[in-house]
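What follows is a single structure, written as structure tokens, with notes after it.
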Amino acid sequence: MFLADIDIKKALQVGDLYIKDFEEARLQPASYDILLGNQFIVTDPHATPFVDPAKGILPKTKEIFIPDGGEFMLHPSVSVLGSSHDFFGASNKYLIHLSGKSSLARIGLMVHNTAGIVNPGHYLNITLELCNLSSVPIILRPKMKIAQLLFSMLTSPTQQEYSKTGSYSDKNHGTVAGIFKQVQAPHIPYGTDQQAS
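Start counting the sequence shown at 0; every next residue gets the next number (numbering that gives the first Met the number 0).
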């Protein structure tokens, strides 16, 4: 069951959902618009002859920071990792779904390939799997509306904590190698501004 706008606000008020610097203007009838961040991770094609996930052979990447007001040009058929400007998460009662925006999908921009959920108990600036499916470059700008979040209530609170079981539990921004390394995150008081610093 997805939450309506009024229920999203109620969950924020009691602390079951957390969105740093929440703006009601971005709240839709059953979703919340999130903004693009400043960081991108791009693959170096000259240093990456091939990728073999089964053997842990990963692409060689570099991180690019685009300042506010700057532009990032995403070329056709290219995939990069980005991140949301917004820091958010949910208690163990809720699951967060990431969805693209139709206005961007219509120009060929995909914002996630398969990683479209945020597990209960995970607080982060979400990694975006950005891909240009069109035949022309797409210009991206930090703090443009890039995707939307939908929130659903679980039938019961989870018994497992994502901070102890998740492959990316200690990652707040984009990473390529998380699927090959299981980590245990330190205990952090989730849902506080301390986590975002």
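Glycine included, C-beta positions come from ideal geometry on N, C-alpha and C. Here the structure is a predicted model, which means the values were calculated and not measured.
Pick from the options: whose alpha carbon is nearest that of residue i?
i, options, result
"alanine 104", "Leu132, Thr126, Leu139 and Leu80", "Leu132"
"histidine 74", "Ile95, Ser82, Thr42 and Gly14", "Thr42"
"serine 155", "Ser101, Lys92, Glu128 and Ile138", "Lys92"
"phenylalanine 21", "Gly88, Thr157, Ser134 and Cys130", "Gly88"
"phenylalanine 86", "Gln158, Lys8 and Asp32", "Asp32"
"alanine 46", "Pro52, Lys61 and Phe39", "Lys61"
"leucine 35", "Glu23, Gly14, Glu70 and Leu57", "Glu70"
"serine 76", "Ala10, Phe64, Leu11 and Leu129", "Leu129"
"phenylalanine 39", "Gly68, Met72, Ser102 and Val79", "Val79"
"isoleucine 125", "Ser98, Ser134, Pro28 and Ser102", "Ser98"
"serine 83", "Ile18, Lys59, Ser102 and Val13", "Ile18"
"glycine 14", "Leu108, Ser90, Met109 and Arg140", "Ser90"
"threonine 113", "His96, Arg25 and Lys59", "His96"
"glutamine 27", "Lys100, Lys59 and Ala53", "Lys100"
Could you check where the alpha helix (DSSP H) with residue i kicks off and where it finishes?
i, result
"glutamine 12", "4-13"
Please state whether the Cβ-Cβ distance between residue i and residue j is less than 8 Å.
i, j, result
"glycine 55", "leucine 127", "no"
"proline 119", "leucine 148", "no"
"isoleucine 106", "isoleucine 137", "yes"
"phenylalanine 150", "leucine 2", "yes"
For residue i and residue j, I'd like the C-alpha separation in whole angstroms.
i, j, result
"proline 66", "asparagine 37", "6 Å"
"methionine 152", "tyrosine 161", "16 Å"
"aspartate 6", "methionine 0", "11 Å"
"threonine 4", "serine 30", "For clarity, residue 4 is aspartate in the given sequence; the question names threonine instead. Roughly 7 Å separates the two Cα atoms."
"lysine 142", "glycine 115", "20 Å"
"leucine 16", "histidine 111", "22 Å"
"glycine 68", "glutamine 158", "43 Å"
"lysine 9", "histidine 121", "19 Å"
"proline 44", "aspartate 51", "14 Å"
"glutamate 23", "glutamine 12", "13 Å"
"isoleucine 63", "methionine 72", "12 Å"
"valine 135", "leucine 108", "11 Å"
"valine 49", "leucine 123", "Here residue 49 turns out to be phenylalanine, not valine, going by the sequence shown. So the two alpha carbons sit approximately 30 Å from each other."
"alanine 53", "valine 117", "25 Å"
"arginine 25", "lysine 59", "36 Å"
Taking the DSSP output, what are the residues bridged to residue i?
i, result
"alanine 89", "Leu16"
"asparagine 131", "Leu108"
"tyrosine 31", "Leu26 and Leu148"
"valine 41", "Lys61"
"phenylalanine 1", "Ser151"
"isoleucine 116", "His96"
"threonine 126", "Ser82"
State the start and end residues of the unbroken beta strand (DSSP E) segment that holds residue i.
i, result
"valine 79", "78-83"
"isoleucine 56", "Taken as a continuous stretch (DSSP letters only), isoleucine 56 belongs to no beta strand (DSSP E), as it is neither H nor E."
"phenylalanine 71", "71-73"
"isoleucine 137", "137-139"
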